[in-house]
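All remarks here apply to the structure that follows.
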Amino acid sequence: MRIRPHILAALAGLLGTSAPAAAGALSFTPVAVIVVDKKGARLAAPEGVGCDAAGNILVADTQNGRLLRYTLKNGVVTAGVEIKLAELPYPRQVALDDHGDAVVLDGKTHKLVRVGADGTFKGALDMKRVPGSPIILPVAFSLDATGSLYVLDSAGNRVVAFDGTGAFTRAVPFPKGPGLFTAIYSDGKGALYAAEAKTVALFRLDPEGVWAQVGDSLSGYLSFPAHLTGDAAGRLFVVDQHGHGVAVVNHDGSFMGRQLGLGWVEGLVYYPTEICLDGKGNVVVADRGNNRVQIFASH
Amino acid sequence: MNHTRLQCAALLVAALGLSWHDAVAAPKFNLRPEGKGKVCLTCHSDVETLLKKPVVHTPIKRGECIGCHSPHAATTRNLLWEDGGAVCGRCHQMVPKERASAHAPVLERACQKCHLPHAGDQPDLLTKPMLDLCADCHPRITEAATTARRKHRPVVDQGCTVCHDPHASTKAGALLKQAVPGLCVGCHKAERPGFAKKHMDYPVAKSRCTSCHDPHGSNQPGMLYNDVHQPVAKHNCAQCHGPPVAGKPVEPKKTGLALCQTCHADLIGKMLAKNRLHRPVANATACLNCHAAHASSRKPLLQGELKSVCGECHRDTLARQAASVTKHPPIRDGECVKCHDPHTGDEPLLFKRATDIEVCGVCHSWKEHQSHPIGGSRRDPRNPNLTLNCLSCHRAHGTEYKNMFPYPTTTTLCTQCHVEQRR
Numbered sequence: 001m002r003i004r005p006h007i008l009a010a011l012a013g014l015l016g017t018s019a020p021a022a023a024g025a026l027s028f029t030p031v032a033v034i035v036v037d038k039k040g041a042r043l044a045a046p047e048g049v050g051c052d053a054a055g056n057i058l059v060a061d062t063q064n065g066r067l068l069r070y071t072l073k074n075g076v077v078t079a080g081v082e083i084k085l086a087e088l089p090y091p092r093q094v095a096l097d098d099h100g101d102a103v104v105l106d107g108k109t110h111k112l113v114r115v116g117a118d119g120t121f122k123g124a125l126d127m128k129r130v131p132g133s134p135i136i137l138p139v140a141f142s143l144d145a146t147g148s149l150y151v152l153d154s155a156g157n158r159v160v161a162f163d164g165t166g167a168f169t170r171a172v173p174f175p176k177g178p179g180l181f182t183a184i185y186s187d188g189k190g191a192l193y194a195a196e197a198k199t200v201a202l203f204r205l206d207p208e209g210v211w212a213q214v215g216d217s218l219s220g221y222l223s224f225p226a227h228l229t230g231d232a233a234g235r236l237f238v239v240d241q242h243g244h245g246v247a248v249v250n251h252d253g254s255f256m257g258r259q260l261g262l263g264w265v266e267g268l269v270y271y272p273t274e275i276c277l278d279g280k281g282n283v284v285v286a287d288r289g290n291n292r293v294q295i296f297a298s299h
Numbered sequence: 300m301n302h303t304r305l306q307c308a309a310l311l312v313a314a315l316g317l318s319w320h321d322a323v324a325a326p327k328f329n330l331r332p333e334g335k336g337k338v339c340l341t342c343h344s345d346v347e348t349l350l351k352k353p354v355v356h357t358p359i360k361r362g363e364c365i366g367c368h369s370p371h372a373a374t375t376r377n378l379l380w381e382d383g384g385a386v387c388g389r390c391h392q393m394v395p396k397e398r399a400s401a402h403a404p405v406l407e408r409a410c411q412k413c414h415l416p417h418a419g420d421q422p423d424l425l426t427k428p429m430l431d432l433c434a435d436c437h438p439r440i441t442e443a444a445t446t447a448r449r450k451h452r453p454v455v456d457q458g459c460t461v462c463h464d465p466h467a468s469t470k471a472g473a474l475l476k477q478a479v480p481g482l483c484v485g486c487h488k489a490e491r492p493g494f495a496k497k498h499m500d501y502p503v504a505k506s507r508c509t510s511c512h513d514p515h516g517s518n519q520p521g522m523l524y525n526d527v528h529q530p531v532a533k534h535n536c537a538q539c540h541g542p543p544v545a546g547k548p549v550e551p552k553k554t555g556l557a558l559c560q561t562c563h564a565d566l567i568g569k570m571l572a573k574n575r576l577h578r579p580v581a582n583a584t585a586c587l588n589c590h591a592a593h594a595s596s597r598k599p600l601l602q603g604e605l606k607s608v609c610g611e612c613h614r615d616t617l618a619r620q621a622a623s624v625t626k627h628p629p630i631r632d633g634e635c636v637k638c639h640d641p642h643t644g645d646e647p648l649l650f651k652r653a654t655d656i657e658v659c660g661v662c663h664s665w666k667e668h669q670s671h672p673i674g675g676s677r678r679d680p681r682n683p684n685l686t687l688n689c690l691s692c693h694r695a696h697g698t699e700y701k702n703m704f705p706y707p708t709t710t711t712l713c714t715q716c717h718v719e720q721r722r
């Protein structure tokens with residue numbers, strides 16, 4: 001019987017050994033763990049993490065209905081302020097921009113909200129003027145280095161793009177069919193990727209505005225893609241929520257390996273939901289099932 | 300077995316002056332004429348009574364037992380030339396190479412599941428009357444066919460083979476002799492005025508009839524599936540569809556959630572107010588990802604069995620359960636909604652209750668779980684942010700190990716926390 005790599009990885013995690021390392025010699029090693037806020041209150045099912053090269057980390061402490069700021073310096077995490085906003089009763093995905101502002105997707109209000117570095121509400125993305133669909137339900141987004149915001153509109157089965165000022169620029173429908181697109185990622189250099197959960201495949205938007213599958217299905221390597229991001233080297237990182245790990249995929253769709261595995265001790269994850277790469281080699285993981293955020297160094 | 304085909308083959312064999320066995324793969328025995336079968340009856344006298352049955356297998360009728368049996372020795376049971384149904388395949392090639400569907404017993408060469416080898420009372424040597432025979436494996440369908448208030452007459456009068464080829468079909472899935480709607484409009488002429496009137500003048504002649512009608516019979520007027528969407532039951536197609544104009548004759552008035560919201564605004568409003576929304580609820584296909592728009596045999600208007608509906612996206616979960624040593628009944632039986640809300644919820648993983656223990660407690664009395672203290676504020680030694688609960692030791696969708704443990708042995712499991720006991 002052939003044992004699939006993601007099952008091997010999960011088993012390896014459980015048994016305390018390291019997950020199969022391919023990924024072009026890429027490996028994650030634990031740096032720090034976030035389990036409480038500044039006052040010692042525990043995190044509850046955090047689903048979103050944003051980070052930047054300055055060491056800022058913003059956590060969507062989802063089940064507690066709040067955002068938490070932290071800073072990472074020399075491998076040490078320091079807790080910052082708690083942000084509670086009426087517009088964000090159930091924050092689920094987070095991204096930081098170059099100015100320290102954050103874009104946050106809320107699961108309850110289905111709004112994308114801009115939060116200032118000081119924790120103030122700076123407005124919600126206006127999606128009413130987006131043409132083409134009477135209902136817009138954002139379920140994931142990608143904020144790239146140019147400030148452009150790409151929103152996965154589940155109701156319209158499409159990606160809706162906005163510029164840095166929040167103005168609508170274009171809408172790109174996903175291929176027709178029974179696909180279930182769960183995550184998108186813009187690399188800021190013109191490439192837009194999407195993860196599809198039924199076929200467990202990645203898609204890329206070509207210059208003609210048509211989605212094309214990138215490489216073969218990854219169903220042999222991961223279970224359920226929940227989040228997608230990438231690094232400067234062109235590698236894509238797919239959070240495998242049900243397979244409890246992160247799959248690393250080359251930009252051409254070829255599988256490069258898996259990191260992390262199922263478990264409850266530090267270094268392992270349980271239903272991870274989002275990761276953030278800070279550009280300095282750190283990977284921040286929203287380890288939802290373990291009620292914590294973990295930080296790894298990527299080598 | 301196709302009786303007519305068998306008769307034709309027998310005639311052909313006779314016309315060519317060959318014995319039945321010659322026509323197949325004759326072994327090199329220099330048998331006397333009576334050695335092909337008549338001599339067998341001296342010991343196997345019971346076969347003579349079989350010959351009095353209304354339907355007799357041609358080789359026996361011709362006194363050629365060696366058509367199937369070796370007269371001397373064999374490595375198979377009953378001295379057959381080949382095992383089980385393989386010997387039937389020497390004469391009866393029932394499964395074409397290019398096929399759209401095939402019956403599992405045929406592929407398994409289990410011909411005797413349906414046919415008698417020597418003689419019987421039923422046509423085609425069936426072991427029972429057709430509906431009774433099919434009921435052995437398809438009881439829900441045959442029961443519906445025979446007990447439904449609105450019966451599909453051809454099924455009752457002529458049996459399942461009126462629409463299905465019992466062996467294989469080159470034309471359609473589900474062993475259908477022809478794909479739907481071609482099969483249906485063979486009898487139900489779409490050009491008749493009554494047909495159009497019944498369908499509110501919508502041009503459905505090329506639609507898939509079985510998306511609304513139960514071809515085996517139902518309790519609903521028009522043989523609609525037993526669970527009928529209210530607008531369909533009231534012939535109020537216009538509630539969802541525009542008028543049947545040329546170009547876009549069955550166009551829905553709106554798409555996705557917006558269409559269903561027209562009537563189910565309260566329900567959808569409540570769903571959208573929750574913390575979490577099941578992704579298919581909110582995508583472009585929305586409710587129709589899981590529910591049928593017109594009618595269904597499964598409440599509440601489900602597209603199919605819940606396991607296949609959920610499994611459409613959650614194949615990994617079904618695969619995990621399939622590979623699991625210990626089966627978890629709700630997943631095995633496709634009762635995903637016992638633990639998860641299919642639409643919306645306030646908890647991660649769309650759990651119906653706030654804690655794992657409450658979810659599991661619906662079926663399991665955790666307070667009687669004698670092996671370990673769980674619940675309350677008992678912290679998980681592996682992670683200070685977790686309390687001990689059922690999922691601390693079990694994986695609900697199954698594992699490769701017994702009791703849905705995530706580790707191969709109980710010792711390995713226990714020493715995850717009780718590290719001082721590790722050896």
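Top to bottom, those sequences are chains A and B. No gaps in the numbering here: position 264 of the first sequence is 264 in my numbering, and each next residue is one more. Here my numbering runs 299 ahead of the position in the second sequence, where the first position is 1. Just so it is clear, CB atoms sit at the ideal spot from N, CA and C, and this is done for glycine as well.
Discussion item. Rounded to whole angstroms, what is the Cα-Cα separation between Asn291 (chain A) and Val405 (chain B)?
Written reply: 53 angstroms
Worksheet entry | Cβ-Cβ distance between Asn582 (chain B) and Asn157 (chain A) below 9 angstroms | Taking a C-beta distance under 9 angstroms as the contact criterion, Asn582 (chain B) and Asn157 (chain A) qualify as a contact pair.
Discussion item. Does the contact criterion of 3 or more C-beta pairs under 8 angstroms hold for the region 392 to 399 of chain B versus the region 419 to 427 of chain B?
Written reply: With a cut-off of 8 angstroms, the region 419 to 427 of chain B and the region 392 to 399 of chain B do not count as touching, because too few Cβ pairs lie within range.
Worksheet item: If you pair each beta-carbon of the region 606 to 618 of chain B with each one of the region 643 to 663 of chain B, do three or more pairs fall below 8 angstroms?
Response: No contact exists between the region 606 to 618 of chain B and the region 643 to 663 of chain B.
Worksheet item: Of all Cβ atoms in chain A, is any one closer than 9 angstroms to the Cβ of Gln560 (chain B)?
Response: yes
Discussion item. Less than 9 angstroms between CB atoms is the rule here; does Ser691 (chain B) satisfy it with respect to chain A?
Written reply: yes
Fill in: Under 8 angstroms by beta carbon: chain B residues contacting Trp264 (chain A)
Asp679, Arg681, Asn682, Leu685, Ser691 and Gln715
Item to complete: State yes or no: is the beta carbon of His320 (chain B) nearer than 9 angstroms to at least one beta carbon in chain A?
Response: Bear in mind that a pLDDT of 42 at His320 (chain B), under 50, signals an unreliable position, so the number given afterwards is only what the model happens to contain. Output row for His320 (chain B): interface = no.
Item to complete: Can you grab the Cα-Cα spacing for the pair Arg204 (chain A) / Gly65 (chain A), in whole Å?
Response: As the crow flies, the alpha-carbon of Arg204 (chain A) is around 33 angstroms from that of Gly65 (chain A).
Worksheet item: Ordered along the chain, which non-local residues of its own chain (more than five positions away) have a Cβ less than 7 angstroms from that of Gly281 (chain A)?
Response: Excluding positions up to five away in sequence, the list reads Ala297 and Ser298.
Practice prompt. Using a Cβ cut-off of 9 angstroms (strictly closer), state whether His671 (chain B) contacts chain A.
Written response: no
Discussion item. Restricting to Cα atoms, I'd like to know which of B:Lys637, B:Leu649, B:His671 and B:Ala403 is closest to His693 (chain B).
Written reply: B:His671
Worksheet item: Thinking C-beta only, is Gly644 (chain B) closer than 9 angstroms to Arg722 (chain B)?
Response: no
Discussion item. Rounding to the nearest angstrom, what Cα-Cα distance links His512 (chain B) and Ile275 (chain A) in this structure?
Written reply: So the two alpha carbons sit approximately 48 angstroms from each other.
Worksheet item: Exposed or buried, what is Lys351 (chain B) when buried is set at 16 or more other beta-carbons lying within 10 Å of its beta-carbon?
Response: exposed
Fill in: Host beta strand (DSSP E) of Asp106 (chain A) (start-end)
Ala102 to Asp106
Item to complete: Locate the beta strand (DSSP E) running through Ser186 (chain A), then write down its first and last residues.
Response: Phe181 to Ser186
Discussion item. Within the continuous alpha helix (DSSP H) that includes Pro453 (chain B), where are the two ends?
Written reply: Arg452 to Gln457
Worksheet item: Any idea which residues DSSP pairs Trp308 (chain A) with across the strands?
Response: Nothing can be reported for residue 308 (chain A): it is not among the residues displayed for chain A, which extend from 1 to 299.
Discussion item. Pairs of beta-carbons, one from the region 519 to 528 of chain B and one from the region 473 to 490 of chain B, closer than 8 angstroms: are there three or more?
Written reply: no
Worksheet item: Quick one: is Gly555 (chain B) near chain A, going by C-beta distance under 9 angstroms?
Response: yes
Practice prompt. Report the residues of the region 120 to 142 of chain A with a CB closer than 9 angstroms to any CB of chain B, ordered along the chain.
Written response: Ser133, Pro134, Ile135, Leu137 and Val139
Discussion item. Taking 8 angstroms as the limit between beta carbons, can you name the residues of its chain near Ala373 (chain B), skipping five residues before and five after?
Written reply: Sequence-distant partners of Ala373 (chain B) (beyond 5 residues in either direction) whose C-beta falls short of 8 angstroms from its own C-beta, in its chain, are Leu379 and Trp380.
Fill in: Three-way DSSP call (helix, strand, coil) for Asp321 (chain B) in this model
Note that Asp321 (chain B) scores a pLDDT of 44, beneath 50, so its modelled location is shaky and nothing firm can be said.
Fill in: Candidates A:Gly234, A:Ala232 and A:Glu266: closest to Ala32 (chain A) by CA position
Of the listed residues, the one whose Cα sits closest to Ala32 (chain A) is A:Glu266.
Fill in: First and last residue of the uninterrupted alpha helix (DSSP H) at Ile630 (chain B)
Pro628 to Arg631
Worksheet item: Relative to the alpha-carbon of Tyr501 (chain B), which residue among B:Gln529, B:Met429, B:Gly485 and B:Lys547 has its alpha-carbon at the smallest distance?
Response: B:Lys547
Discussion item. Using beta carbons (cut-off 9 angstroms, strictly below), is Pro271 (chain A) in contact with chain B?
Written reply: Note on identity: in this sequence residue 271 (chain A) is Tyr, with Pro being the wrong assignment. It does: the Cβ of Tyr271 (chain A) has a partner Cβ on chain B nearer than 9 angstroms.
Discussion item. My assumption, with CB atoms under 8 angstroms, is that Thr182 (chain A) sits in contact with Pro225 (chain A). Please give the rounded CB distance.
Written reply: 6 angstroms
Discussion item. Assess contact between the region 142 to 161 of chain A and the region 179 to 195 of chain A, defined as three or more Cβ pairs (one per stretch) separated by less than 8 angstroms. Is contact present?
Written reply: Yes, the region 142 to 161 of chain A is in contact with the region 179 to 195 of chain A.
Worksheet item: What is the DSSP secondary structure of Glu274 (chain A), reduced to helix, strand or coil?
Response: strand
Practice prompt. Confirm, please, whether the CB-CB distance from Pro134 (chain A) to Ala557 (chain B) is below 9 angstroms.
Written response: Cβ atoms of Ala557 (chain B) and Pro134 (chain A): closer than 9 angstroms.
Fill in: Option in B:Gly485, B:Ala695, B:Glu657 and B:Gln411 with minimal Cα separation from Pro628 (chain B)
B:Ala695
Fill in: Glu196 (chain A) - containing beta strand (DSSP E), residue span
Leu192 to Glu196
Discussion item. Cutting at 6 angstroms between CB atoms, please list the residues of its own chain near Gly633 (chain B), excluding the five before and the five after it.
Written reply: Glu604, Leu605 and Lys606
Discussion item. Please state the DSSP three-state secondary structure of Tyr706 (chain B).
Written reply: Three-state DSSP puts Tyr706 (chain B) in coil, outside helix and strand.
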